[in-house]
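Engineer: Following this message is one structure expressed as structure tokens.
There are 2 protein chains.
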Amino acid sequence: MSRWFHGGNAISEVSIDDRAFQYGDGLFETVAIRQGQPRLWGYHVERLERGCEKLRLLKPDGDALRIGLDKAIREGDVNPAHCAAKIVLSAGVSDRGYSRSAPTSAAVFLGLFPSLPVASEHYHHGVDTMLCDTRLAMYSPTAGCKTLNRIEQVLARLELQSTNIFEGFTLDAERRVICGTMSNVFAVSDNCIATPSLDRCGVAGVMRRHTIETLRKRGVAVAIRDICEAELMQCDEVFVCNSQFGILPVRRCGEATWHSHPVTRSVMSALAENGILECAQ
Amino acid sequence: MSRWFHGGNAISEVSIDDRAFQYGDGLFETVAIRQGQPRLWGYHVERLERGCEKLRLLKPDGDALRIGLDKAIREGDVNPAHCAAKIVLSAGVSDRGYSRSAPTSAAVFLGLFPSLPVASEHYHHGVDTMLCDTRLAMYSPTAGCKTLNRIEQVLARLELQSTNIFEGFTLDAERRVICGTMSNVFAVSDNCIATPSLDRCGVAGVMRRHTIETLRKRGVAVAIRDICEAELMQCDEVFVCNSQFGILPVRRCGEATWHSHPVTRSVMSALAENGILECAQ
Numbered sequence: 417m418s419r420w421f422h423g424g425n426a427i428s429e430v431s432i433d434d435r436a437f438q439y440g441d442g443l444f445e446t447v448a449i450r451q452g453q454p455r456l457w458g459y460h461v462e463r464l465e466r467g468c469e470k471l472r473l474l475k476p477d478g479d480a481l482r483i484g485l486d487k488a489i490r491e492g493d494v495n496p497a498h499c500a501a502k503i504v505l506s507a508g509v510s511d512r513g514y515s516r517s518a519p520t521s522a523a524v525f526l527g528l529f530p531s532l533p534v535a536s537e538h539y540h541h542g543v544d545t546m547l548c549d550t551r552l553a554m555y556s557p558t559a560g561c562k563t564l565n566r567i568e569q570v571l572a573r574l575e576l577q578s579t580n581i582f583e584g585f586t587l588d589a590e591r592r593v594i595c596g597t598m599s600n601v602f603a604v605s606d607n608c609i610a611t612p613s614l615d616r617c618g619v620a621g622v623m624r625r626h627t628i629e630t631l632r633k634r635g636v637a638v639a640i641r642d643i644c645e646a647e648l649m650q651c652d653e654v655f656v657c658n659s660q661f662g663i664l665p666v667r668r669c670g671e672a673t674w675h676s677h678p679v680t681r682s683v684m685s686a687l688a689e690n691g692i693l694e695c696a697q
Numbered sequence: 417m418s419r420w421f422h423g424g425n426a427i428s429e430v431s432i433d434d435r436a437f438q439y440g441d442g443l444f445e446t447v448a449i450r451q452g453q454p455r456l457w458g459y460h461v462e463r464l465e466r467g468c469e470k471l472r473l474l475k476p477d478g479d480a481l482r483i484g485l486d487k488a489i490r491e492g493d494v495n496p497a498h499c500a501a502k503i504v505l506s507a508g509v510s511d512r513g514y515s516r517s518a519p520t521s522a523a524v525f526l527g528l529f530p531s532l533p534v535a536s537e538h539y540h541h542g543v544d545t546m547l548c549d550t551r552l553a554m555y556s557p558t559a560g561c562k563t564l565n566r567i568e569q570v571l572a573r574l575e576l577q578s579t580n581i582f583e584g585f586t587l588d589a590e591r592r593v594i595c596g597t598m599s600n601v602f603a604v605s606d607n608c609i610a611t612p613s614l615d616r617c618g619v620a621g622v623m624r625r626h627t628i629e630t631l632r633k634r635g636v637a638v639a640i641r642d643i644c645e646a647e648l649m650q651c652d653e654v655f656v657c658n659s660q661f662g663i664l665p666v667r668r669c670g671e672a673t674w675h676s677h678p679v680t681r682s683v684m685s686a687l688a689e690n691g692i693l694e695c696a697q
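Protein chains in written order, with this note's numbering: chain B, 417 to 697; chain C, 417 to 697.
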């Protein structure tokens with residue numbers, strides 16, 4: 417159901433000596449493909465570039481990346497009108513041991529995946545969430561980056577097993593809310609919108625950035641700051657975002673419930689007008 | 417120069433959908449092979465088991481693992497008298513996304529690598545080290561485990577590039593000394609031996625455990641506690657250990673130097689008598 421490309425060729429395997437396999441030494445992006453085009457492409461490329469700087473990998477050529485992706489979309493066994501592309505940048509093959517030279521050219525792998533639209537009722541009525549017990553380590557040197565070191569998200573996601581819960585929020589060790597396993601989170605109180613600071617840990621999503629920038633252009637400030645667990649549970653509205661589904665209201669997190677989402681609706685309208693068509697429902 | 421085995425067959429590639437490649441979702445061990453036998457085998461298996469528990473992977477069958485390793489040692493293109501085996505346990509192939517079932521059977525990959533003995537002068541005169549700027553994230557849910565999420569060690573190791581420095585020590589964000597990029601560290605003050613607590617981050621090495629247990633059996637206590645950067649720099653002796661080289665005195669760390677290692681020598685003697693033959697020099 418998926419198809420991977422490397423150097424323009426379809427592949428299904430990688431060298432076992434690839435540092436992504438050995439150490440998670442690399443980065444990735446999951447890009448929404450809509451009507452054959454990668455959405456928020458510039459933001460994805462910029463995040464890859466920041467990640468490469470952090471990991472001391474050579475920055476990819478954004479134009480070449482785009483050409484490869486367009487080719488993969490044409491050749492992949494997916495619906496180009498609505499699918500997901502995954503871009504993996506690895507530090508490549510090396511001898512055993514943590515050492516590698518730097519800057520290192522990244523090896524680029526492109527994967528195309530089918531993706532079903534999120535159920536319409538989730539946009540209308542919101543999704544159920546929970547607080548995970550898995551805590552994110554604090555002061556990570558790669559905070560904000562989408563590296564291939566994702567065991568924390570895997571562990572958090574495992575907590576949702578055998579539930580119908582859509583998303584789990586991870587806290588740091590000091591019980592600050594950081595993000596969902598596959599989304600970023602926003603809290604609304606007294607009509608003020610805030611989203612957690614991701615300086616210590618977490619992944620800074622492209623839809624989070626697009627939401628913040630879309631709102632700022634309309635004169636609506638989004639505070640980026642620490643949000644403790646209690647504040648989240650007591651706020652007026654909660655919503656989550658990611659590159660694939662756009663924005664979804666949250667109707668429940670553990671014991672807390674939210675039945676009305678006026679501010680979230682206005683954010684969704686703003687996003688719908690700025691290219692995120694799923695939010696127009 | 418290396419050879420990998422999976423399911424009894426020589427391989428050089430893995431599925432790109434393997435979760436080790438996608439998320440670093442797995443564990444590894446690097447085992448010293450001496451005279452055809454894996455050294456500290458029981459400790460390696462126990463650490464894998466603890467890691468599997470944390471990652472919610474099914475524990476490997478230690479006997480089957482050993483049979484596979486023995487076969488690989490016989491068939492690998494290495495010197496069985498002195499080489500290194502790498503065991504990778506991955507969460508296996510899955511669809512895209514962090515979700516997987518748990519417990520999951522781990523996929524086992526065995527690699528055999530040539531390894532040269534560390535230069536004799538390092539055992540006699542000690543090795544040069546430095547403090548890395550890369551900090552380890554604190555309160556990691558997998559603290560102590562040797563997971564495949566190792567970007568921090570890669571970044572720390574990159575700091576040693578273009579130097580002749582043997583090892584770099586990583587601190588946590590609060591400037592506690594945690595471990596070397598590929599070793600654990602011990603500090604000696606007033607004849608008392610201490611090694612950092614690894615409750616918040618770091619990897620608990622098998623040679624660290626063997627050192628602590630060997631000394632305790634001889635009535636020598638090793639304190640496992642927080643050690644700040646200043647304490648390390650001002651202590652009487654420093655030594656490092658790992659599964660491959662055993663124990664090495666440290667003669668320099670940044671500006672600090674140590675020219676005499678009487679306690680380290682006695683620890684090396686104790687280890688040499690307890691199976692770590694490299695320490696008998």
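Just so it is clear, CB atoms sit at the ideal spot from N, CA and C, and this is done for glycine as well.
What are the boundary residues of the alpha helix (DSSP H) that Gly-478(B) is part of?
Structural biologist: Its alpha helix (DSSP H) spans residues 478-491.
Engineer: Can a CB atom of chain B be found closer than 8 Å to the CB of Gly-560(C)?
Structural biologist: Answer no: the Cβ-Cβ gap between Gly-560(C) and chain B never drops below 8 Å.
Engineer: Tell me which residues of the segment 476-506 of chain C have at least one Cβ-Cβ distance to chain B shorter than 9 Å, keeping chain order.
Structural biologist: Taking 9 Å as the Cβ-Cβ cut-off against chain B, the residues of the segment 476-506 of chain C that qualify are Ala-500, Lys-502, Val-504, Ser-506.
Engineer: Using the Cα positions of Ile-640(B) and Ala-610(B), report the straight-line distance between them to the nearest angstrom.
Structural biologist: Their Cα atoms are separated by approximately 6 Å.
Engineer: Any idea if Ser-556(B) is buried or exposed, counting beta-carbon neighbours within 10 angstroms, 16 or more meaning buried?
Structural biologist: Label assigned to Ser-556(B): buried.
Engineer: Does DSSP put Leu-587(B) in a helix, in a strand, or in coil?
Structural biologist: Leu-587(B): strand per DSSP, three-state reduction.
Engineer: On the three-pair Cβ rule with 8 Å, is the segment 470-487 of chain C touching the segment 517-530 of chain C?
Structural biologist: Enough Cβ pairs lie closer than 8 Å, so yes.
Engineer: Taking 8 Å as the cut-off, does the segment 478-495 of chain B touch the segment 534-547 of chain C (at least 3 CB pairs, one atom from each stretch)?
Structural biologist: With the cut-off at 8 Å, the segment 534-547 of chain C and the segment 478-495 of chain B do not touch.
Engineer: Examine the Cβ distances between the segment 442-456 of chain B and the segment 497-514 of chain B and report whether three or more of them are shorter than 8 Å.
Structural biologist: Touching, yes.
Engineer: Check each candidate in Cys-468(B), Asn-580(B), Thr-680(B), Asn-600(B) and name the one with the smallest Cα separation from Val-622(B).
Structural biologist: Out of Cys-468(B), Asn-580(B), Thr-680(B), Asn-600(B), Asn-600(B) has the C-alpha closest to the C-alpha of Val-622(B).
Engineer: What residues in its chain sit with their C-beta under 7 Å from that of Ser-536(C), if we drop five residues either side in the sequence?
Structural biologist: Hits under 7 Å: Gln-697.
Engineer: Under 8 Å, do Val-683(C) and Ile-663(C) count as touching if we go by C-beta distance?
Structural biologist: Against a cut-off of 8 Å, the Cβ pair of Ile-663(C) and Val-683(C) comes out as a contact.
Engineer: Nearest to Thr-627(B) by CA position, among Cys-468(B), Leu-687(B), Glu-645(B), is which residue?
Structural biologist: For Thr-627(B), the nearest C-alpha among the options comes from Leu-687(B).
Engineer: If we define contact as Cβ-Cβ less than 8 Å, is Ile-609(B) a contact residue for chain C?
Structural biologist: Judged by the 8 Å Cβ criterion, Ile-609(B) is not in contact with chain C.
Engineer: Using beta-carbon positions only, say whether Val-494(C) and Leu-528(C) come within less than 8 Å of one another.
Structural biologist: Yes, the Cβ-Cβ distance between Val-494(C) and Leu-528(C) is below 8 Å.
Engineer: Hey, is Gln-660(C)'s beta-carbon within less than 8 Å of any beta-carbon in chain B?
Structural biologist: No, Gln-660(C) does not count as interfacial toward chain B.
Engineer: Who are the Cβ neighbours of Cys-617(C) in its own chain at under 7 Å, not counting the five residues just before and after it?
Structural biologist: Contacts found: Leu-552, Ala-553, Met-554, Ser-556, Ala-559, Asp-588, Ile-594.
Engineer: Of all the alpha helix (DSSP H) runs that stay within the bounds of the segment 640-672 of chain B, which reach a length of 4 or more residues?
Structural biologist: Here the runs fully enclosed are 645-650.
Engineer: What residues are listed by DSSP as bridge partners for Glu-445(B)?
Structural biologist: Glu-445(B) pairs with Ile-503(B).
Engineer: What's the call for His-540(B), buried or exposed, on a 16-neighbour Cβ count within 10 Å?
Structural biologist: Flag for His-540(B) reads exposed.
Engineer: Looking at the strands, I want to know which residues DSSP matches up with Glu-689(C).
Structural biologist: BP columns for Glu-689(C) are empty, so no partner.
Engineer: Quick one: residues in its chain with C-beta nearer than 6 Å to the C-beta of Gly-478(C), no 5 flanking neighbours on either side, listed in chain order?
Structural biologist: Taken in chain order, the residues that qualify are Val-461.
Engineer: With DSSP collapsed to three states, give me the class of Leu-526(C).
Structural biologist: If DSSP states are grouped into helix, strand and coil, Leu-526(C) belongs with the strands.
Engineer: Can a CB atom of chain B be found closer than 8 Å to the CB of Phe-582(C)?
Structural biologist: No - not a single Cβ of chain B is within 8 Å of the one on Phe-582(C).
Engineer: Using 10 angstroms around the beta-carbon of Ile-483(C), count the other beta-carbons present and answer buried if the total reaches 16, otherwise exposed.
Structural biologist: Answer is exposed; the Cβ neighbour count stays below 16.
Engineer: Report the residues of the segment 529-559 of chain B with a CB closer than 7 Å to any CB of chain C, ordered along the chain.
Structural biologist: The segment 529-559 of chain B vs chain C, Cβ under 7 Å: Phe-529, Thr-550, Arg-551, Ala-553, Met-554, Tyr-555, Ser-556, Pro-557, Thr-558.
Engineer: Run through DSSP, which three-state label would Phe-582(C) get?
Structural biologist: Correct three-state label for Phe-582(C): coil.
Engineer: Do Leu-526(C) and Gly-440(B) have their beta-carbon atoms positioned less than 8 Å apart in this structure?
Structural biologist: In this structure, Leu-526(C) does not lie closer than 8 Å to Gly-440(B) by Cβ.
Engineer: Quick one: what's got a C-beta closer than 8 Å to Arg-634(B)'s C-beta in the same chain, skipping five residues either side?
Structural biologist: Answer for Arg-634(B): Ala-686, listed in chain order.
Engineer: Can you tell me which residues form a DSSP beta bridge with Asn-425(B)?
Structural biologist: In DSSP, Asn-425(B) forms a bridge with His-422(B).
Engineer: What separation, rounded to the nearest whole angstrom, lies between the Cα atoms of Gly-508(C) and Glu-575(B)?
Structural biologist: Whole-angstrom Cα-Cα distance: 19 Å.
Engineer: Is the Cβ of Glu-445(B) closer than 8 Å to any Cβ of chain C?
Structural biologist: For Glu-445(B), the answer is no, since every Cβ of chain C falls outside 8 Å of its Cβ.
Engineer: Within this structure, are the beta carbons of Leu-648(C) and Val-638(C) separated by less than 8 Å?
Structural biologist: For Leu-648(C) and Val-638(C), no; Cβs fall outside 8 Å.
Engineer: Against Val-430(B), what residues of chain C qualify as contacts under a CB-to-CB distance less than 7 Å, listed in chain order?
Structural biologist: What Val-430(B) touches in chain C: Glu-429, Val-430, Ile-432, Phe-437.
Engineer: If you measure between the beta carbons of Thr-597(C) and Gln-577(C), is that distance less than 8 Å?
Structural biologist: Their beta carbons are not under 8 Å apart, which means Thr-597(C) does not touch Gln-577(C) by this criterion.
Engineer: Residues of chain C with a CB under 9 Å from the CB of Phe-585(B): which are they?
Structural biologist: Those do not exist, as Phe-585(B) stays about 14 Å from chain C at its closest Cβ, beyond 9 Å.
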